Amino acid sequence: MPELPEVENTRRYLVEIGLPGKTIALATIGWANTVKHPSLEDFVLDLPGGTIQKVARRGKYLLAPLDTGQTWVLHLGMTGGLRIHPRTQPPPAMVRHTVDFTDGTQLRFIDPRKFGHLWLVDDPAQATGKMGPEPLSEDFNDAALALVLSNRTAPIKALLLEQHIIAGLGNLYADDALYRAGIHPERPASGLSPEEISRLRNSIVQALEHSLSQYDQSRRDHWPDPPFGLSPWLIPRSPDAPCVRCGSGTMEQVKVRARTTFYCPVCQPPTP
DNA sequence: AGTACGTCCTGATCGC
DNA sequence: TGCGATCAGGACGTAC
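The opening position of the first sequence corresponds to residue 17 in this note's numbering, with each subsequent residue numbered one higher.
Structure (structure tokens):
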């Protein structure tokens, strides 16, 4: 379940371990469906020779522009993870794809469920599609959030998961943000007051930044092989667990758009 | 246009 | 103890 903090953690890992500047020698794809563009044949033909200029992130996508002018785009899906090791080091379990560099190191794409995707494109938008504002950027303000939520009757939780509304949130951080904000996940989005929208925006930022700071510490503690485990979030994710926010409620579990959703009925009442 | 649901995947967990 | 069924969900495609 890599969401924005996990993908950003991966980006920082890749930068710190020195991916920018490496030149690709060989791409080995173990599951053809992972490559979305161009064809598998063209992907493995065109990627080698490129030198990585930098590693950027847009939502949950990692963007690695090459000196060829094309951009190598990676999405970790639900179970994806990336590691760079010397090619001679035994690979971790569940490595689906590898990319060898000319300096003797190798990127390992670990992905048990094969939901990850790769692209090689001229324009990153070919891979990412239309994306909403980055929640940790200046573009993400109360007015912008209010605008995209207006006239939407869908549950607020469902909209938080749409990448063209806000980039980078997934199931866990959507729940965590709503929990921090004290907003019921099934409230119709258009029914939120300006105060609630402001609280929600702040809560999204806090949830993400809290997690990012934990990942920064974890990378320092475990360098050069930080663990894949998820950073602990505030919201208890088990039914009937005591609410750590109000201390009196017990967590409820429901499905919102087929996604497991937790909330505290006391902190997050169904009506304002 | 907005909303809802099925599909892809397989390791982990559950129930009998 | 073993084995089949179920669950997990990011993004996209399809249907209404």
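No residue lacks a Cβ here, since even glycine has one placed at the ideal position from N, Cα and C. Predicted model, so just to flag it, every value in this text is computed and none were measured.
Bridge partners of I40 according to DSSP: F117. Non-local C-beta neighbours of V51 in its own chain, meaning closer than 7 Å and more than five positions away in sequence, comprise I45, F59 and L134, ordered along the chain. The residue among T277, R236, K271 and C262 with its C-alpha nearest the C-alpha of E32 is R236. Of the candidates D256, W47 and M147, the residue whose Cα lies closest to the Cα of V282 is D256. In the assembly as shown, L163 is an exposed residue. Its beta-carbon has fewer than 16 other beta-carbons within 10 Å.
In this structure K76 is in contact with H91, their Cβ atoms being roughly 6 Å apart against a cut-off of 8 Å.
Around the C-beta of Q269, fewer than 16 other C-beta atoms lie within 10 Å, and the residue is accordingly described as exposed.
Of the other Cβ atoms in all chains shown, 16 or more fall within 10 Å of the Cβ of R217; this residue is therefore buried. The beta carbons of V23 and R73 sit closer together than 7 Å. Non-local beta-carbon contacts of L56 in its own chain, meaning distances under 8 Å to residues more than five positions away in sequence, involve I45 and A48 in chain order.
The beta carbon of T169 sits closer than 8 Å to those of P204, A205 and S206, all from its chain and outside the five residues before and after it, given in chain order.
The beta-bridge partner set that DSSP reports for L98 consists of F125. Collapsing the DSSP output to three states places E268 in a strand. Runs of the beta strand (DSSP E) lying entirely within the region 125 to 158, each at least 3 residues long, are 133 to 137 in chain order. DSSP links I45 through a beta bridge to H113. Here the alpha carbon of V272 sits roughly 11 Å from the alpha carbon of L175. Around the beta carbon of E19, a 10 Å sphere encloses 16 or more other beta carbons of the protein chains shown; the residue is thus reported as buried.
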